[in-house]
Amino acid sequence: MRAKMTSNEVLGSGKAKQRLQPGAVGHLLGLQGMSAQELRSFLTLTQQVGRGKHEGSKVLAGRLIANLFFEDSTRTRTSFSVAARRLGGDAVDLISAASSVNKGETLIDTARNVEAMGVAALVVRAKQSGVPHSIAPYVTCPVINAGDGKHEHPTQGLLDIYTLAEHYGRLGGFDLSGLTVAIVGDVVSSRVARSNIAGMTTLGARVVCVGPPSMVPGSVRHLGAEIDRDMDSVVEHADAVMMLRIQFERVDSAKGGEANKTPGIASVREYREGYGLLEARAARMKRRAVVMHPGPINRGIEIDGPVADGPRSLVLRQVFNGVLVRMAVMLRLLGGA
Ligand code: CP
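Per the working numbering, the very first residue in the sequence shown carries number 568; after that it's consecutive.
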């Protein structure tokens, strides 16, 4: 199929402009390169949604969003569906395991066919980096990146920033200066880390990535983060400690296959002792410091259960705010705000 000229091209995501335009009006593809003003606009809208300003607005009345999920999800997919319903619309799910992608259909053809059914937006998750960006020039509706490979997860980044700002009383302006956020673990595999580093540093936070060199390589500095290998020291100074899961599913099977299920670390037990947020470590955090995790959590590996469930934990607040953020994103992209 050939791409048709669409209004999206004018907005910077057309085939003639293959350079990605994160945050360009029309799509939400990533937070890297997004200005502070643009970030604040999404976050302020989230705050308004949280205060009930758009309650009952029915902006999506009679409209459907399509969740095109070519990779597993609990939080993101459900959250987009809940958000669509709270705006008066609805959501349909395409799950890759039951789709014609398995018969050889391309993801772009799949997206165009679903769009042809009259959906208002495509929410796309994929194992491969760049899939939402590849789809965007070929459709006329907004594309929202719900996580692409190791690249970006912009709505997760926004909800994490919002949750952090809420805890520290920074909702007026979303200025995160003076806050140090530690992102701990498998940063190299993490789209959440990339979106958070971009968004948080743009808003003034200091982001320190913590982990062994195989998970936190020196190249992370190019994203705007600092690197520290000493978890014990970092937990005592950070205002927020965001733990990441080891993404075993992203281990390159060509580099060791079944024999290499623990990428670049001697063992999970050793990793946990060096970098896990154990109860004893969490007890040394600053008085107001918080624990965050995008989920899914692997209890007993990167974080102890009592820490994930403890008084410092914002994990379920992140999930709660995720619905508000996704409502805000849809209000923005689908014309309600
Ligand atoms: N945080 C996150 O993306 O979770 P899911 O994979 O369950 O959507």
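Even for Gly, the Cβ is constructed at its ideal location relative to N, Cα and C.
Considering only their Cβ atoms, is the gap separating Ala856 from His806 smaller than 7 Å?
Looking up residue 806 in the sequence shown gives position 239. Looking up residue 856 in the sequence shown gives position 289. The sequence shown places Asp at residue 806, not His. A contact, by the Cβ cut-off of 7 Å.
For a test of the three-state rule: what should DSSP assign to Ala628, helix, strand or coil?
Within the sequence shown, the letter at position 61 stands for residue 628. The answer is coil: DSSP assigns Ala628 none of H, G, I, E or B.
Beta-carbon separation of Ser744 and Gly771 under 7 Å?
By 1-based counting over the sequence shown, the position of residue 744 is 177. By 1-based counting over the sequence shown, the position of residue 771 is 204. It is a contact, given that the beta carbons lie within the stated cut-off.
Which residues count as close to the ligand CP when the rule is a CB under 7 Å from any of its heavy atoms, in chain order?
Asp639, Ser640, Thr641, Arg642, Thr643, Arg644, Gly714, His720, Gln723, Val759, Pro861, Gly862, Pro863
For Val577, does the three-state DSSP call read helix, strand or coil?
Translated into positions along the sequence shown, residue 577 becomes position 10. A caution first: Val577 carries a pLDDT of 24, below 50, which makes its placement in the model unreliable, though a value can still be read off. If DSSP states are grouped into helix, strand and coil, Val577 belongs with the helices.
Report yes if the C-beta distance between Gly778 and Glu869 is below 7 Å; otherwise report no.
Here residue 778 refers to the residue found at position 211 when the sequence shown is read from its first residue. Here residue 869 refers to the residue found at position 302 when the sequence shown is read from its first residue. Result no, Cβ atoms of Gly778 and Glu869 do not sit closer than 7 Å.
How big is the Cα-Cα spacing for Ser663 and Ala850?
Here residue 663 refers to the residue found at position 96 of the sequence shown. Here residue 850 refers to the residue found at position 283 of the sequence shown. Cα to Cα, the separation comes out at about 42 Å.
Taking 7 Å as the cut-off, decide whether the C-beta atoms of Thr722 and Val892 are in contact.
Against the sequence shown, residue 722 aligns to sequence position 155. Against the sequence shown, residue 892 aligns to sequence position 325. Yes, they are a contact pair.
In terms of residues, what are the limits of the alpha helix (DSSP H) holding Ile764?
What you label residue 764 is simply residue 197 of the sequence shown in a count that begins at 1. That run of the alpha helix (DSSP H) goes 758-769.
Can you tell me which of the three DSSP states Gly714 falls into?
As a working mapping, residue 714 is identified with position 147 in the sequence shown. If DSSP states are grouped into helix, strand and coil, Gly714 belongs with the strands.
Let me make sure I understand the geometry here. Which of Val710, Gly724, Val755 has the alpha-carbon closest to that of Ala688?
One-based indexing of the sequence shown puts residue 688 at position 121. It is Val710.
Top-ranked residue by Cα proximity to Glu840, from Asp871, Met852, Ile864, Met859
Within the sequence shown, the letter at position 273 stands for residue 840. Cα-wise, what sits closest to Glu840 is Asp871.
Here's a check: name, in chain order, each residue in its chain whose Cβ is nearer than 7 Å to the Cβ of Ile832, leaving out the five neighbours to either side.
Locating residue 832 in the sequence shown gives position 265, counting from the first residue. Answer for Ile832: Pro779, Ser781, Tyr838, listed in chain order.
If I measure Cβ to Cβ from Ser820 and keep anything under 6 Å in the same chain, skipping five residues before and after, which residues do I get?
Locating residue 820 in the sequence shown gives position 253, where the first residue counts as 1. For Ser820, the pLDDT reaches just 49, beneath the cut-off of 50, and the residue's location in the model is therefore unreliable, although a value from the coordinates is still provided. Answer for Ser820: no residue qualifies.
Just mark Asn634 as buried or exposed, buried being the case when its beta carbon has 16 or more other beta carbons within 10 Å.
Taking the first residue of the sequence shown as 1, we reach residue 634 at position 67. Buried: at least 16 other Cβ atoms inside 10 Å.
What's the C-alpha gap between Met684 and Ile675?
As a working note, residue 684 is residue 117 in the sequence shown. As a working note, residue 675 is residue 108 in the sequence shown. Roughly 15 Å between the two C-alpha positions.
Just curious, the beta strand (DSSP E) that Leu689 is in, first and last residue?
As a position in the sequence shown, residue 689 is number 122, starting the count at 1. That run of the beta strand (DSSP E) goes 688-693.
At least one CB of chain C closer than 7 Å to the CB of Thr722: is that the case?
You won't find chain C in this structure, because it holds only one protein chain.
Are Ala628 and Gly655 closer than 7 Å when you measure CB to CB?
Translated into the one-based positions of the sequence shown, residue 628 becomes position 61. Translated into the one-based positions of the sequence shown, residue 655 becomes position 88. In contact: Ala628 and Gly655 (Cβ atoms closer than 7 Å).
On the DSSP bridge assignment, give the partners of Cys776 in chain order.
As a first step, residue 776 is located in the sequence shown; it is residue number 209 there, counting from the start. Beta-bridge pairing links Cys776 to Ile750, Ile794.
Member of Tyr729, Ala693, Gly736 whose CA lies at the smallest distance from the CA of His718:
The sequence position of residue 718 within the sequence shown is 151, counting from 1. Comparing Cα positions, the closest option is Ala693.
Kindly indicate which three-state DSSP category Phe636 falls into: helix, strand or coil?
Taking the first residue of the sequence shown as position 1, residue 636 is located at position 69. Note: Phe636 maps to strand in three-state DSSP.
N- and C-terminal bounds of the beta strand (DSSP E) containing Met859
Start at 1 with the first residue of the sequence shown, and residue 859 comes out as number 292. Per DSSP, Met859 belongs to the beta strand (DSSP E) from 857-859.
Can you tell which of Val802, Arg812, Leu738, Arg644 has its C-alpha closest to the C-alpha of Val659?
Reading the sequence shown from its first residue, position 92 is the one you call residue 659. Comparing Cα positions, the closest option is Arg644.
In the structure shown, what three-state DSSP assignment does Asp799 receive?
On the sequence shown, residue 799 is found 232 positions in, with the first residue counted as 1. Of the three classes helix, strand and coil, the one that applies to Asp799 here is helix, per DSSP.
Check Ala732 in the structure and name its three-state DSSP category.
Walking along the sequence shown from the start, residue 732 turns up at place 165. Looking at Ala732 - three-state DSSP - the assignment turns out to be helix.
Per DSSP, Ala875 forms a beta bridge with which residues?
Indexing the sequence shown from 1 puts residue 875 at position 308. Paired residues: none, contrary to the question.
For Ile832, which three-state DSSP category applies?
Here residue 832 refers to the residue found at position 265 of the sequence shown. Three-state DSSP puts Ile832 in coil, outside helix and strand.
Which residue comes first and which comes last in the beta strand (DSSP E) that contains Val659?
Within the sequence shown, the letter at position 92 stands for residue 659. Start and end: 657-662.
Could you check if Gly785 is buried or exposed, using at least 16 other CB atoms within 10 Å of its CB as the buried criterion?
Stepping through the sequence shown from its first residue, residue 785 is reached at position 218. Gly785 comes out exposed.
Contact set for Asn888: own chain, Cβ-Cβ below 8 Å, skip 5 residues either direction:
Here residue 888 refers to the residue found at position 321 of the sequence shown. Cβ within range, chain order: Thr613, Gly617, Leu726, Tyr729, Thr730, Glu733.
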